[in-house]
Ligand code: GLC
C-alpha cells in the first residue's frame, strides 16, 4: 500500500442519488434507510466513501439542489436519526459519508430568502442579489439562466429583480456579505461535527459575481447570453474560497471536491492541492466532448477520440504535481457513459467493462455513479411531459426557439437528459427491480432483469463482477501502489489513434499498460508496444495478435 497517499486517494467513491436508490416505505422515492440497507453491497464493491446528493429539506424543484434548511433532513428521506444511523453504520464498515454543499444559491423557500424579499431594509435584505428593473421595466441584464429563460425574476413584494444562475426557485446568495459566508461555513461545520468525511461543493464557480452587471452579446435565438459565460470563475473567487478552506476544511481528515464547470485543466493547480482550495475539482472537458462551446443540447458537434484523450491527459498532467484528480464518467447530471462514448450497436456489457478499465486505472480517485457498476444505459421517455428534470424542459424550449421540430427537440432531450442518470437503481428481478413496492417516481429501465444486482452478482462474467475484480486489483493487489499513485503517460505511439486509448502507469520498478478500443470494430495496432508485458485483466479471454477486438479493454503489466 502507498503510505504517502491519503485514505481518499486510495479508495473508490460511490455517488448515490438518494431519491432513486432504495425506497423502504413504499412512497416510490428512495430514502436514507434504503442507503443504510445496502452498505454491505457497497463494501463488497470496495467503496470507501459515499457522496450523497442533497438530502436537506427542499421543495424539490431541482430535486434537492434547492435547499430550504442547510442543517436538516427532508422528511421524504427520513429523519436526522436516520442520517446519524447511516453515518455510524457506514463508519463501522470503513465508509465515509460525503455531503453535497449547495452554496451558490438556496431555495426561494429558505427563511433567509423569505425575509430578504420582504423589503429593501430588512436584516437579510442583502443576503441575495437584488437589482432594479431597467427603465422600461425589463430585467437588469439579458443573461440566460443555466436551465433556460432569464436569470432574473421580478419580485412584486420588494419591487426588484433577483438573480438566479439556475431556476427561478434557486436565488443566488450574496457571497460579498460576510454574514452569508459565516452562515454557510457554520452549516458545513455542523456536518463535520456529525462525522462526515468530506464535501462535494456544488456549482462553485458561480459564487463571485462581476463588479458591473451589463448586457452581453446574445448567443442564441432568444436574444440572451449564457450566464455561465458572464460569471464563471470571476476574478476574486479564490479569495472567498481560501477563506472557506480556512474556516471549514483545514485541520480535518476529509476530502473536498468542487464542481467547477469551465475551469480549464491548466488552471487546476490554482484550485486544488496545497496552494489551492479543494482536494479535487470536477471539470467537464471530457464529458462535454460533444459540446466544446457550452452545453446546448441541440448543438452537438462531432467529436473524436483524440479530443477525449486530450482532455483526460491534460487533467492527468495538470494534477501530476499538485492536487489530485477525481476520475469520473457519470454523475446525476450526465447521460450514461456507454451511450456517450460508444457508437450505437456496441455490446453494452463490453462497453461498460471497457470504460471501467479506464476509470479504475487512470491516476486519481475514481467516482462511480449508481448503476454504472451494472452497465446502465440511457432511457428514452416517449414524450417531453414524461421528463422530470427541469433542465430537460429548458433545453427543449431552447431547441424549439432555435427552429428544431418538436420531434427533434425530444430526440436531443432523450439523448442528453439528466433523467438518463436518475432512473431507479435495479436491485432484483422482481417488481420495480426491487426499488419500491409503490409507484417509482421515475420509470424503471426496461432492461432490469438482466441488468440488476441479483442477476449480475450471480454471474462471474457480468459488469458488476468485472468491477469487483478490478477494484480489488486497484485497492488490494500487488499493483495497488502503481495503480493508485503511479505516474500517468499516454503512449506516444498511439496518441493520434482515433480508435485506441493507451496509457501507462509507473511507480518504482512497476509499470502497467491500459489498452482500450473505443470503437465497435476490430482495431489493429503494432504489437511491439506489448513486448515483455503480460496481460492480467480484460473484458475478452486471451488476446489476438495485433488486434483489439470491438470495445476490447486490457490491462498489461511489466515487471522490471
Ligand atoms: C449542479 C448540480 C445540478 C444542479 C445544479 C444547481 O450542477 O450537480 O444537479 O441542478 O448544480 O444546483
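In our numbering, the protein residues as written are 87 to 646. No residue lacks a Cβ here, since even glycine has one placed at the ideal position from N, Cα and C. Just so it is clear, the structure is predicted and the values come from calculations on it, not from any experiment.
Chain-order list of residues whose beta-carbon lies under 6 Å from that of residue i (same chain, five-residue window excluded)
i	result
residue 630	none
residue 553	442 and 459
residue 112	523 and 524
residue 397	371 and 372
residue 421	464, 502 and 506
residue 428	437
residue 488	307 and 384
residue 531	465 and 509
residue 129	179
residue 414	453
residue 157	273 and 276
residue 588	577, 580 and 601
residue 335	342
The ligand GLC heavy atom lying under 6 Å from the CB of residue i
i	result
residue 364	no
residue 188	yes
residue 318	no
residue 505	no
residue 151	yes
residue 346	no
residue 289	yes
residue 341	no
residue 419	yes
residue 377	no
residue 107	no
residue 462	no
residue 70	This structure gives no information on residue 70, because the portion of the chain shown stretches from 87 to 646.
residue 315	no
residue 453	no
residue 589	no
residue 148	yes
residue 370	no
residue 252	yes
Start and end residues, beta strand (DSSP E) containing residue i
i	result
residue 603	596-603
residue 412	412-414
residue 396	No beta strand (DSSP E) holds residue 396; the alpha helix (DSSP H) holding it covers 391-404.
residue 99	98-102
residue 454	451-455
residue 645	639-645
residue 621	620-624
residue 343	341-345
residue 367	366-368
Cut-off 7 Å between Cβ atoms - residues of its own chain near residue i, not counting five sequence neighbours on either side
i	result
residue 311	228, 229, 230, 302, 303, 304 and 305
residue 324	356 and 363
Residues bridged to residue i [DSSP beta-bridge criterion]
i	result
residue 246	241
residue 93	Its beta-bridge partners do not exist; DSSP assigns none.
residue 575	590
residue 186	286
residue 137	101 and 184
residue 610	633
Range covered by the alpha helix (DSSP H) that runs through residue i
i	result
residue 551	549-561
residue 480	476-487
residue 357	354-357
residue 121	118-123
residue 267	264-279
residue 197	197-202
residue 580	Per DSSP, residue 580 belongs to no alpha helix (DSSP H) and is neither H nor E.
residue 698	Nothing can be reported for residue 698: it is not among the residues displayed for the chain, which extend from 87 to 646.
residue 178	166-178
residue 543	539-543
residue 439	434-447
Minimum Cβ-Cβ distance from residue i to chain D less than 7 Å
i	result
residue 402	Protein chain content of the structure displayed is limited to a single chain, and chain D is not contained in it.
Beta-carbon proximity list for residue i, same chain, < 8 Å, skipping 5 on both sides
i	result
residue 543	550 and 551
residue 238	217, 225, 226, 227, 229, 247, 248, 249 and 250
residue 390	584
residue 380	305, 312, 314 and 315
residue 541	515, 535 and 548
residue 181	125, 128, 129, 133, 134, 135 and 136
- [ ] Would you be able to state if there are at least three C-beta pairs under 8 Å between the stretch 607-622 and the stretch 634-646?
- [x] In short, these stretches touch, since the Cβ pair count reaches three.
- [ ] Say whether the stretch 469-484 touches the stretch 117-132, bearing in mind that this needs 3 or more beta-carbon pairs closer than 8 Å, one atom from each stretch.
- [x] Too few Cβ pairs lie closer than 8 Å, so no.
Open item on the list: Between the stretch 275-289 and the stretch 175-188, can you find at least three pairs of beta-carbon atoms closer than 8 Å?
Closed with: By the criterion of at least three beta-carbon pairs nearer than 8 Å, the stretch 175-188 is in contact with the stretch 275-289.
TODO: Report yes or no: do three or more beta-carbon pairs, one from the stretch 554-566 and one from the stretch 480-499, lie closer than 8 Å?
DONE: Because the criterion of three Cβ pairs below 8 Å is not met, the stretch 554-566 and the stretch 480-499 do not touch.
Open item on the list: Quick check: the stretch 134-150 against the stretch 87-105, are at least 3 beta-carbon pairs closer than 8 Å?
Closed with: Yes: at least three Cβ pairs fall under 8 Å.
Open item on the list: With three or more beta-carbon pairs closer than 8 Å as the criterion, would you say the stretch 590-599 touches the stretch 564-571?
Closed with: Touching, per the Cβ criterion.
Open item on the list: Measuring CB atoms only, is the stretch 287-295 touching the stretch 340-353, in the sense that at least three cross pairs come out at less than 8 Å?
Closed with: At 8 Å Cβ cutoff, the stretches touch.
Open item on the list: Tell me whether the stretch 349-360 and the stretch 330-337 touch, counting them as touching only if at least three CB pairs, one residue from each stretch, are closer than 8 Å.
Closed with: Fewer than three beta-carbon pairs drawn from the stretch 349-360 and the stretch 330-337 are found closer than 8 Å, and the two stretches are therefore not classed as touching.
- [ ] State whether the stretch 185-192 contacts the stretch 205-212, with contact taken as three or more CB pairs (one from each stretch) at a distance under 8 Å.
- [x] Under the 8 Å Cβ criterion, the stretch 185-192 does not count as touching the stretch 205-212, having fewer than three qualifying pairs.
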